[in-house]
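S.K.: Quick mapping for you: the protein sequence lines, in order, are chains A and B. Heads up: the first sequence begins at 1 in full-length UniProt numbering, then just goes up one per residue. Heads up: the second sequence begins at 1 in full-length UniProt numbering, then just goes up one per residue. This structure is in structure tokens; I'll ask about it shortly.
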Amino acid sequence: MSANENPLTSHVLDTGIGRPAVGVLVTLSKYENDQWRNISKQLTNSDGRVGNTISSEEFSSSIYKLTFETLSYYESRGEKTFYPYIEVIFEIESPEEHYHVPILLSAYGFSTYRGS
Amino acid sequence: MSTRRERSTTAAPPPPPPTMAGNSDNPLSAHVLDTTIGRPVPGILITLSKEENGKWRKITEQVTNKDGRVARLISQAEFTPSSYKLNFNTKSYFESLGQKTFYPYIDVVFQVEKPEEHYHVPILLNAYGYSTYRGS
């Protein structure tokens, strides 16, 4: 088994309510040959998390994008939001490491950071 | 620091007529602050695009000033309810400092429902994290 199984995970926390954001569609794309190729799509679970977004074999040094369908999340709650969706584009230089790319989400603001 | 400017496709908006109310033809502004050092970030190239017919149309490019700000990104007349995208070329800033960063660039896609209001879209920036919010 590879040492870096499940190398990229994500998490969406709704800081407006202090709870994980459940059921947010998260798409992982990889930048290859001047275009984005979809790798996986998953819904955040009851903890607001997605794991197993990419295999360690496919997780090479490259530029990736996570797209979070946050508008649908807020619409399902009957709320408005500033963001039709959120994209985080990041560069992987050390694919042997684990990367965690969470979003702290509210209807009119968000933050993200490189976690491990 | 990039000084490239877009020319022919981004003509300056006409000056507002004297009786124009509301946003004084500056409905959208942006700002970049580096919270690691507690300073604004000058020289960041910011590109504004508007979604039309399912595609992004570039409206303007501007470089943040010494206060880390850009303004007058779009005229009031063009600022209609729509989705917009601000692209921040943040990597060049960190490269100029000899630093690495996690983000090749930052895109913020947002929707404008009340174009009579002023919208301010700042980035609080670090090499390995950022935040943004709808300001006014």
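Built from N, CA and C at the ideal position, the CB exists for glycine as well.
Helix, strand or coil for TYR105/B per DSSP?
M.R.: Three-state result, TYR105/B: coil.
S.K.: In chain A, which residues lie with their C-beta within 9 Å of the C-beta of VAL109/B?
M.R.: TYR83, PRO84, TYR85, ILE86 and GLU87
S.K.: Which class does GLU51/B belong to by DSSP, given the choice of helix, strand or coil?
M.R.: strand
S.K.: Any beta carbon from chain B within less than 8 Å of TYR113/A's own beta carbon?
M.R.: Yes - at least one Cβ of chain B is within 8 Å of the one on TYR113/A.
S.K.: What residues of chain A sit near ARG134/B, judged by a beta carbon separation below 7 Å?
M.R.: ARG134/B reaches chain A at PHE82, TYR108 and GLY109, counting residues in chain order whose Cβ is nearer than 7 Å.
S.K.: Considering only their Cβ atoms, is the gap separating SER46/A from ARG37/A smaller than 8 Å?
M.R.: For ARG37/A and SER46/A, no; Cβs fall outside 8 Å.
S.K.: Which value, in whole angstroms, describes the spacing of the CA atoms of THR60/B and SER136/B?
M.R.: The alpha-carbon of THR60/B is positioned some 20 Å away from that of SER136/B.
S.K.: According to DSSP, is PRO115/B part of a helix, a strand, or is it coil?
M.R.: coil
S.K.: Can at least three beta-carbon pairs, one atom from the segment 74-84 of chain B and one from the segment 34-46 of chain B, be found at a separation below 8 Å?
M.R.: Segment contact: the segment 74-84 of chain B against the segment 34-46 of chain B, fewer than three CB-CB distances shorter than 8 Å; contact not assigned.
S.K.: Per the DSSP calculation, SER29/A is bridged to which residue(s)?
M.R.: According to DSSP, which records beta bridges pairwise, SER29/A is partnered with ASN38/A and LYS65/A.
S.K.: Any beta-carbon of chain B closer than 8 Å to the one on GLU75/A?
M.R.: So no, GLU75/A is outside the interface.
S.K.: Could you check what DSSP says for ALA21/B in three-state terms: helix, strand or coil?
M.R.: With a pLDDT of 45 at ALA21/B, under the threshold of 50, the modelled position of this residue cannot be trusted, and the question is left open.
S.K.: Kindly say whether SER29/B, judged by its beta-carbon, lies nearer than 8 Å to any beta-carbon of chain A.
M.R.: SER29/B has a beta carbon lying at 8 Å or more from every beta carbon in chain A.
S.K.: Hey, would you say residue 137/B sits closer than 8 Å to SER83/B, going by beta carbons?
M.R.: Because chain B is modelled from 1 through 136, residue 137/B falls outside the range shown and cannot be assessed.
S.K.: Taking buried to mean at least 16 other C-beta atoms within 10 Å of its own C-beta, is ASP34/B buried or exposed?
M.R.: buried
S.K.: Near TRP56/B, which residues of its chain fall below 8 Å by C-beta distance, leaving aside the five closest residues on each side in sequence?
M.R.: SER49, LYS50 and LYS85.
S.K.: What does GLY129/B reach in chain A if we use C-beta pairs closer than 8 Å?
M.R.: Near GLY129/B (Cβ distances below 8 Å), the residues of chain A are SER111, THR112, TYR113 and ARG114.
S.K.: Since TYR133/B sits in a beta bridge, which residues does DSSP pair it with?
M.R.: When beta bridges are read from the DSSP output, TYR133/B appears opposite GLY109/A.
S.K.: What would DSSP say about HIS120/B, mapped onto helix, strand or coil?
M.R.: strand
S.K.: Taking 8 Å as the CB-CB limit, is ILE17/A close to chain B?
M.R.: no
S.K.: How about GLU91/A and PRO104/B: are their beta carbons less than 8 Å apart?
M.R.: Their beta carbons are under 8 Å apart, which means GLU91/A touches PRO104/B by this criterion.
S.K.: When you compare only the Cα positions, how much space is there between GLU75/A and THR53/A?
M.R.: 25 Å
S.K.: Spell out a yes or no on whether the segment 15-22 of chain A and the segment 55-65 of chain A are touching, meaning 3 or more CB-CB pairs, one atom from each, closer than 8 Å.
M.R.: Remark: fewer than three beta-carbon pairs, one from each stretch, lie closer than 8 Å, so the segment 15-22 of chain A and the segment 55-65 of chain A are not flagged as touching.
S.K.: With a threshold of 8 Å between beta carbons, is PHE90/A in contact with chain B?
M.R.: With 8 Å as the cut-off, PHE90/A counts as an interface residue toward chain B.
S.K.: Is it right to say LEU73/B is buried, meaning 16 or more other beta carbons lie within 10 angstroms of its own, or is it exposed?
M.R.: buried
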